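Residue numbers (the numbering used here): 249 to 411.
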């Protein structure tokens, strides 16, 4: 009987912790929905992709604050994705989640990083695009399947080679 009560207590504490995390996530999403405008939808007439790579969409955070994940409008969930560069911008095509568009004129910087929003690696294995959305500057992180394409992405996005 004592073991059963202890087990029920542990399960109840675990459920309480999960409930608290869920409430915090929702509260953060509500607060961010006021501060962060909706992400741009992918345009229909984007043309042919210049570069394309597959991997994992890691997160979008406030620029320079790599632990402040943007969770509003479903952007906080990591998952498989494709990244495509077009003349007009970058498409982040997330599998099973809404994709979004980063307009070319909004991109401030392209670089590699070691970590972002709970995903930390020992090497610069994240491709990070810094861009403006309204008055907010964001970092979008992508972990590609082939890290060798990062220099090409950085050069193309920064405008070193014309698209």
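Glycine included, each C-beta is placed from N, C-alpha and C at the ideal position.
Quantities reported herein were computed from a predicted structural model and do not represent experimental measurements.
- When 334, 322, 338, 352 are compared, the shortest CA-CA separation from residue 345 is found for 322.
- The residue among 371, 352, 354, 350 with its C-alpha nearest the C-alpha of residue 360 is 371.
- Residue 330 carries a strand assignment under DSSP once its states are collapsed to helix, strand and coil.
- Pairing residue 358 with residue 303, the inter-Cα distance amounts to about 17 Å.
- Apart from the 5 residues on each side of it in sequence, residue 318 sits with its Cβ closer than 8 Å to the Cβ of 280, 284, 307, 308, 309, 310, 324, 386 in its chain, given in chain order.
- Proximity to residue 290 across 353, 348, 404, 274 peaks at 348, based on C-alpha coordinates.
- In the DSSP assignment, residue 402 falls within the alpha helix (DSSP H) that extends over 398-406.
- Beta-bridge analysis with DSSP links residue 314 to no other residue.
- Taken through DSSP and simplified to helix, strand or coil, residue 382 comes out as coil.
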